[in-house]
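What the sequence shown shows, in my numbering, is residues 5 to 159, in sequence order.
Quick reminder that beta carbons are idealized off the backbone N, C-alpha and C, glycines included.
Being a predicted model, the structure only gives us computed values, none of them experimental.
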Amino acid sequence: MKISVRAMAVSALLLGSLVLAACGGGASSGAANGALEVGTDGENLAFNNVALTAKAGEKVTLTFKNNSTAQSHNLIIVNGGDDVATAVDEAAAEAGDAAGYVPADASTMIAHTALLAPGASETIEFTAPAAGTYTFVCTYPGHYGGGMKGVLTVN
């Protein structure tokens, strides 16, 4: 059986295209092109995604959805770990409802949402900080103390 050079070249080109498509870049765990999603875990004082990842220096788009039907929530990514999160939570309580339980000192935070009513969502953008581990919390009174926190790992 004689195969023409043209048929062989077309076959090789098609096979190469399929291999490249199959090996195409997939999303890393946590972020697809810097896009992150997290919500509340129904009526529990918890986030439905407690482990987020990003690359240092990348532009991150985070969408936060308050899945509760009864409680208000926010999301604050603090500039550090649990020690900073505790200080941010205390400052948020002092800031009060009028400030959405978001402290005035922006240096303690990487990014934050507003205080969201049940069913609401918000998308925020920020630049991922240096490599490290950063805690994110809800600062509505009693929520962080009740365990409403997660971790953003930046590589």
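query, result
"Out of curiosity, what's the CA-to-CA distance linking residue 119 and residue 141?", "12 angstroms"
"Quick check on residue 111: does DSSP put it in helix, strand or coil?", "helix"
"Give me the Cα-Cα distance between residue 63 and residue 131, rounded to the nearest whole angstrom.", "5 angstroms"
"Going residue by residue through the stretch 32–109, where are the continuous alpha helix (DSSP H) segments of at least 4 residues, counting only ones entirely within it?", "86–99"
"Going by C-alpha distance, which of 37, 39, 43 and 134 is nearest residue 125?", "43"
"Candidates 96, 121 and 134: which alpha carbon is nearest residue 68's?", "121"
"Is the Cβ-Cβ distance between residue 107 and residue 115 less than 8 angstroms?", "no"
"Taking 8 angstroms as the cut-off, decide whether the C-beta atoms of residue 65 and residue 39 are in contact.", "yes"
"At what residues does the beta strand (DSSP E) containing residue 139 begin and finish?", "136–141"
"Tell me which residue opens and which closes the beta strand (DSSP E) that residue 157 is part of.", "153–158"
"Mapping DSSP to helix, strand and coil, what is residue 27?", "Confidence is the limiting factor: at residue 27 the pLDDT is only 39, short of 50, which leaves the residue's position unreliable and the question unanswerable from this model."
"Rounded to a whole number of angstroms, what is the C-alpha to C-alpha distance between residue 98 and residue 71?", "26 angstroms"
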